[in-house]
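Participant:
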Amino acid sequence: MRLAKRVEKLPPYLFVEISRKIAEKKARGEEVISFAIGDPDIPTPKHVIDRLCEAARDPANHRYPESDSLPQLRRAVAQWYERRFGLSFDPNKEVLPLIGSKEGIGHIAFCFIGSGDIALVPDPGYPVYSVSALLADGEPYYLPLREENNWLPDLDAIPKDVLEKARLLWINYPNNPTAAVADLEFFNRAVHFAKQHDLVVCHDGPYTEVAYDGYQPVSFMQADGAMDIGVEFHSLSKSYNMTGWRIGMAVGNATMINALMRLKSNLDSGIPQAIQYAAIEALNGPQDCIHEHNAIYERRRNLIIEVLNDIGLKAEPPKASLYIWAKVPEGYNSMDFTADLLDQVGVAVTPGVGYGKSGEGYVRLSLTIPDAALVKGLSRLANWRSTRR
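Residue numbering for the sequence shown follows the working numbering, starting at 433 and increasing by one per position.
1. Mind checking which residues open and close the beta strand (DSSP E) that includes Ala-682?
2. Based on Cα-Cα distance, which residue from Ala-814, Ser-798 and Gln-705 lies nearest to Pro-491?
3. Considering only residues of the same chain and omitting the five flanking positions on each side of Pro-497, which have a CB-CB separation below 8 Å?
4. How close, in whole Å, do the beta carbons of Val-683 and Tyr-558 come, if the pair is a contact with beta carbons under 8 Å?
5. Compare the Cα-Cα distances from Glu-580 to each of Arg-621, Ala-565 and Thr-610 and report the closest residue.
6. Going by CA-CA distance only, name the one from Gly-532, Ile-603 and His-539 that's closest to Pro-554.
7. How long is the line joining the alpha carbons of Lys-592 and Val-509, rounded to whole angstroms?
8. What whole-angstrom Cβ distance do Ile-531 and Arg-678 have, given they're in contact under 8 Å?
9. Determine whether the beta carbon atoms of Phe-665 and Ser-533 lie at a separation below 9 Å.
10. Contact defined as beta carbons within less than 8 Å: I believe Gly-726 pairs with Ala-622. What is the distance between those atoms, to the nearest angstrom?
11. Quick one: what's His-823 bridged to in DSSP?
12. Among Phe-769, Val-633 and Ala-455, which residue has its Cα nearest to the Cα of Arg-817?
13. Can you give me the Cβ contacts of Val-464 inside the same chain, cut-off strictly under 8 Å, excluding the 5 residues immediately before and after it?
14. Quick one: what does DSSP say Gly-570 is sitting in, helix, strand or coil?
15. For Ala-714, which option in Trp-583, Gly-791 and Leu-505 has the closest C-alpha, if you only look at C-alpha atoms?
16. With distance defined between alpha-carbon atoms, name the residue in Gly-786, Asn-716, Val-807 and Gly-791 nearest to Pro-477.
17. Is the Cβ-Cβ distance between Gly-680 and Pro-638 less than 9 Å?
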């Protein structure tokens, strides 16, 4: 059977490979403590679950939903952005709910990338940014994120011949995997750069509500002129622990939102309405859960950082996101260190090189691990170090 070239050139999805290796160890009866995947272990808030159950019992929600979702949900998204960031969006033209933000991230390249076009993507970065460009018959051009530049891309270093073919710029803060943050000054520079070079900007911002030590991340859409050239993807997955519900949104430039909606309407049948009503409840209901969850993640962050520093892994406490980005010990690359931890002490982390060449020398650890498993995992990390002294 002959596969299309677009499929043949796709790399294996990082998390599928990690899950496979973990499953192999478990099949041999070995326990694995996984810090690898950012999937919140804390349950979805009860009032959101209750609203889902109520909506699911209504036969009106058993039929096909509209492609652009319920108007009540679009309004709830717009109202949430106004409360949180002081931004005003037209819910009928500048808001589009998604079947999880990953769906929109994967599809928007088809709106702006064609054969030979370039998408500018961060390295290290979420793999879907580059994969979506490949699927759209374009090419990713990787922007190195380096510690000495606070994990921000050096936009001025992009070659002229690349910019002539570039159509789309991806940015993502708070960042996955580095946990770096960006301020409005950087976002303003990104908007100015995009306008200079006729680019659209897609900002992936699912971690704006996961922050610590009183820090409050900003939205890319707060930058001057962002509405002229950009959209922002957001998700309820991390804010309200709804990863399995598949609900997110895009907000921003009306032309970009309309293009994505036109594409979606030809590819999917919308978000199940019961889930839409639950999302409305999450956005409009009590927000105490966010602060409660962040307090748990902050405590876990502090415990992990302490142990990592004790065993010789350099790591700074992140201001935001669900991740810790740690430098591997001398003598290891990220793949070897990841394999050694899994083989020797049954602890899974994510190799930095899995997010791009510039991630080499680092590993990512997630804070979404239950407390009992966290304690056991940290004990195993300490044991790993003691065997090498």
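Every residue, glycine too, gets a C-beta built ideally from N, C-alpha and C.
Facilitator: Checking against the coordinates, here is how it stands:
1. 680–684 is the extent of the beta strand (DSSP E) around Ala-682.
2. Gln-705
3. Ser-701, Gly-702, Ile-703, Pro-704, Gln-705 and Gln-708
4. Contact flag wrong, Cβ pair sits at about 19 Å.
5. Thr-610
6. Ile-603
7. 38 Å
8. 5 Å
9. Contact check for Phe-665 against Ser-533 passes: the beta carbons are separated by less than 9 Å.
10. Sequence inspection shows Asn at residue 726; the Gly mentioned does not correspond to that position. The Cβ separation is near 27 Å, so there is no contact.
11. One cannot answer for residue 823 here, as it falls past the ends of the chain, which runs 433 to 821.
12. Phe-769
13. Ile-454, Lys-457, Lys-458, Leu-774, Gly-778, Val-779 and Ala-780
14. coil
15. Leu-505
16. Asn-716
17. In contact: Gly-680 and Pro-638 (Cβ atoms closer than 9 Å).
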